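Structure first, commentary second.
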Amino acid sequence: MSTATASANAVDLDREAASVPEGPAARALPQSDLVMKGGITSGVVYPGAVIALAKKFRFAALGGTSAGAIAAGVCAAGEYGRIHEQGTGLAQLRAVSKDLAEPGLLTGLFQATDDAKPLMDLALLPAGHPDDGRVRRITRLLGAALRRVPLVWVVAAVPVIALATLVWWAFRDMSPALAIPLTVIAGVPFLALIFTAMVAAAFGLPARRAVRSLGMSNYGVCPGTHQPGYAREQDALTPWLHRHVQEAAGCDEDDWSKVLTVADLKGNENDPDNAIVLETMTTDLSRARPLRCPAGLAGYEFSPSEMRAVFPEAVVKRMVQPDPAGQPPSSDQLRSNEYLPLNVEQLPVLVAIRLSLSFPGLLSAVPLHQKVGDKYRRSLFSDGGIASNFPVHFFDAWFPRRPTFGIDLGPQPKEGAPLVLMHGEDGLGGYRKVDRLTVFGGQIKDTMQNWRDNLQTELEGYRERVCEVRFKAEEGGLNLKMAPPAIQALMERGFEAGGKLAMALPMTVPPKEPTPNWLRHCKVRFDTLMWLQQKGLWEFRDRSDAFLDALKAGGLTSPEREKWAAEAVKQTEKLLDCAGNWGPPPEHVVDFTPEAAFESEPVMRVVPKA
C-alpha cells in the first residue's frame, strides 16, 4: 500500500483501541480463538487486527508462531487485563504499534553480540535507504565495509606502491603518450584484483568473526537481551516484550512474583468462562520435531545461568521459584548451572513467546535439557516456523463451539492483486508465478516449511475463517528498517483484516442466536466429521473380524481383563451395527456423503499432537 493510499484509508487506531469493550462488557462478548502466522516484521499487522476483532469478540484461546507468537502472547496478556479490569488491557497493543513506528526501534530491538555487530550493521545498511537505487545502495555498502577495516587499506597500500614504483621505473624514459596507455593496461587489472581482495576481506573478516561466535551464542547473532555497543536506554527484544506483557496484564515488571504465567491466564478452574489459553509452536532441533508450548515441554529441565542470558532476571526468578508465595531465589541459585524441572503449568508467558521466535541465525536458540538415565542431553529450541509457521490446527475440535480465526501472511502474488482478503477469495491463495531463480528457491523452501499448514488452510471448514494479509517486496519479512508510514500502513491493513474476520463468522451479542454464517460453518464441519467417521467405520467393519475374534478368544488381553474384552467386543459390534445404517437409501438410513466434492479431500487418521 502506498503512503497516499494509506492516508486516504487512514484508520485512527488510538480511537479504535479506546472503544474496545472492557470489564463486564468484554466478558459479555461471544468467545473466539485466534491463530497468527510467523513472519518477522510482518507481524506489525497484528495489533490492528486484534483491536478490530476485540470489538466483537473476546479471546478464549490464542496461538501463533514466531512473530505470531509475540502477538498471541501480548494479546493474551491484554485480554487478561481487560477481563480483570487491570493494567492497560488490549490498549497495550496500541502502545506496541506506536513503539514499532518509532524510527530505529525495530533495528534496536535486534541487538547483536559484540562479535556479530559489525556484520549486523553492514547487513542493515542497505535497508536504511529504501528510496535509493540499487547502485547507490551497493556503493554505500562497499564504502561502509571498507571503512570498518582500516588495516585492509594498509595491507593493500604495499602492492599498490610497489606497482606504482615498478611502472614508473619501466616507463620513465617513454613519452607520456605511450607511457599512460601502457600504465593503464598494466595497472588496471592489478588494481581491480587488489580492490576485489579488499572487498572480500572487508566482508569476510566480520563474517568470519560472526560465524565463529555463533556456537557461543546458540547460533543466533542476537540473544534478545541488551548487548555491549548499544545505548543503555535502547530496549532489546526480550525486555521490550516483557514490559509490554506485564503492562498489558497489570503486573509489576520488576516483581518476580508478579510475572504473568500461563496458569494466571487460565485463572480459577471454577470460572472457566474467563479462562485464556495460550499456545505457541516451537522446534526442538536436537530431536528434529515441532512441539506445542507449554504442554510439549513436559519433562524438560533448564539451567538458571543459561536462562539469564536469554530472559530478564524477574522471569528467571519465577522459573526457579514457580510458587509466587515462596521465597525469592538467591543470587547463587540464579547463577547455578544445576538443572531444574521446567514447571509447564507455571511457565511465564514470555518464555512461551521466546521459545517460538528464535529465528535461525538471527535470534539465539534457547537451551533446555532432558534426563536420560543418569545423564542429561541438551536440546536447542528454535523458531516454531521451521515446521509449522501457521498452526491453524491449534484449538481445533471435531465440532466447534466457537470460531477459530486465523491470520495468514504472504507475498502479493502479482501487481494490483488485493492486499487483504479472505483466504482464496481471488483464486490466487498461495500462488506465486515462478519466473526468477530467487522465487524458485523461495517456493521450494516455502513448500518444505509450510505445505501442511497450506493444505490445512485450504480445507472447507478452515478457509472461511482465515484472512490473508499480503505484502509487497519492500514490506515485512526481514525489512527491519521500514519507514514509519509503511509500518502505519501495515497496521491499518491488519485492522482491515480483523474487520473482515469479524464479519466472516459474526456472533450475536449476547451470543444467544447463531448467525447464518456461523450455522453454515457448523454445517460444513458437521458434514465433514460425519462423512469421515462413516468412511472410517465402514473400512474398520470390513477388516475387523479377525481382530474381534482374537479379542473374544483372549489373545489380545490378559486373563484379568477378559470381562473387559467381552464388553469391548459387544460395544464395538453395536457401534458397527449403528454405522451400518449410515449409508445410501433405501437400504440404509442416512448417507453422509457431501453434496459437492471437496476441493482438498480431508482424512481422519491418528497423528501426533503437534
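With our numbering applied, the sequence shown corresponds to residues 814 to 1423, in that order. Even glycine gets a Cβ: it sits at the ideal position worked out from N, Cα and C. All figures in this text were calculated on a predicted structure; none of them were measured in a lab.
Please say whether residue j and residue i have beta carbons closer to each other than 8 Å?
i	j	result
Gly900	Ala1088	no
Asp846	Arg1215	yes
Leu1104	Val1133	no
Lys1336	Thr920	no
Thr1093	Ile1199	no
Ala1049	Gly1037	yes
Gly902	Met1304	no
Gly1237	Val848	no
Asp1390	Gly1396	no
Leu826	Arg907	yes
Pro1297	Ala929	no
Phe1124	Val1164	yes
Arg1338	Pro1213	yes
Leu1147	Val1128	no
Phe1364	Ala1381	Phe is not the amino acid found at residue 1364; the sequence shown has Leu there. In contact: Leu1364 and Ala1381 (Cβ atoms closer than 8 Å).
Pro1224	Phe1284	yes
His1055	Val909	no
Leu1073	Ala890	yes
Pro1135	Ser1070	no
Ala830	Ile864	yes
Just verifying my parser: in three-state terms, what is the DSSP assignment at residue i?
i	result
Asp1358	helix
Ser832	coil
Tyr1043	coil
Phe1194	strand
Met1235	strand
Glu1428	Nothing about residue 1428 can be reported from this structure: the residues present for the chain run from 814 to 1423 only.
Phe1218	strand
Tyr1244	coil
Ile1089	coil
Ala1189	A quick correction: the sequence has Tyr, not Ala, at residue 1189. In this structure, Tyr1189 counts as strand in the three-state DSSP scheme.
Thr854	helix
Ala874	strand
Ser815	For Ser815, the predicted model reports a pLDDT of 39, less than 50, meaning its position is unreliable and no value from the coordinates is stated.
Ala821	Annotation note: pLDDT 44 at Ala821 (below 50); position unreliable, no value reported.
Asp1065	coil
Gly1033	strand
Leu826	helix
Met1320	coil
Lys1227	coil
Leu1006	helix
Pro1180	strand
Glu1082	coil
Glu779	Given a span of 814 to 1423 for the chain in the structure shown, any question on residue 779 remains unanswerable.
Thr1096	strand
Val1072	coil
Val1012	helix
Val1205	coil
Just reading off the beta strand (DSSP E) that residue i is part of, what are its end residues?
i	result
Pro1142	Unbroken run through Pro1142: none, as it is neither H nor E.
Arg844	Note that residue 844 corresponds to Gln in the displayed sequence, not to Arg. Per DSSP, Gln844 belongs to the beta strand (DSSP E) from Gln844 to Met849.
Gln1269	Note, Gln1269: premise wrong, no beta strand (DSSP E); alpha helix (DSSP H) at Leu1250 to Glu1271.
Between which two residues does the alpha helix (DSSP H) containing residue i stretch?
i	result
Leu1078	Val1075 to Lys1079
Val863	Tyr859 to Ala867
Leu1314	Pro1297 to Ala1317
Does residue i come within less than 8 Å of chain B when only Cβ atoms are used?
i	result
Pro1298	Absent from the structure is chain B; it holds one protein chain and no more.
Hey, is residue i close to the ligand NAP, as in C-beta under 7 Å from one of its heavy atoms?
i	result
Arg1214	You won't find the ligand NAP in this model; it holds no ligand whatsoever.
For the stretch 1247 to 1256 and the stretch 1191 to 1206, state whether three or more C-beta atom pairs, one from each stretch, are separated by less than 8 Å.
No, they do not touch.
Cβ pair count under 8 Å reaching 3, the stretch 1270 to 1286 against the stretch 1202 to 1220:
Because the criterion of three Cβ pairs below 8 Å is met, the stretch 1270 to 1286 and the stretch 1202 to 1220 touch.
With a floor of 3 residues, list each beta strand (DSSP E) that falls wholly inside the stretch 1101 to 1177, ordered by position along the chain.
Within the stretch 1101 to 1177, the complete beta strand (DSSP E) segments at least 3 residues long are 1102 to 1106, 1113 to 1115 and 1174 to 1176, listed from N- to C-terminus.
Does the structure place the stretch 1073 to 1083 close enough to the stretch 853 to 869 that three or more beta carbon pairs sit under 8 Å?
Counting Cβ pairs under 8 Å, fewer than three are found: no touch.
At least 3 beta-carbon pairs within less than 8 Å: the stretch 1033 to 1045 vs the stretch 874 to 881:
No, the stretch 1033 to 1045 does not touch the stretch 874 to 881.
Touching by the beta-carbon criterion (3+ pairs, under 8 Å), the stretch 1218 to 1235 and the stretch 1298 to 1310
Yes: at least three Cβ pairs fall under 8 Å.
How do the stretch 1112 to 1128 and the stretch 1177 to 1191 stand: do at least 3 beta-carbon pairs fall below 8 Å, yes or no?
Counting Cβ pairs under 8 Å, three or more are found: they touch.
Inside the stretch 891 to 936 only - alpha helix (DSSP H) runs reaching at least 4 residues
Taking only runs of at least 4 residues, the alpha helix (DSSP H) segments lying wholly in the stretch 891 to 936 are 905 to 914 and 918 to 922.
Where in the stretch 1334 to 1421 do unbroken runs of the alpha helix (DSSP H), each at least 4 residues long, occur, reported from the N-terminal end onward?
Within the stretch 1334 to 1421, the runs of alpha helix (DSSP H) at least 4 residues long that lie entirely inside it are, in chain order, 1358 to 1365 and 1375 to 1393.
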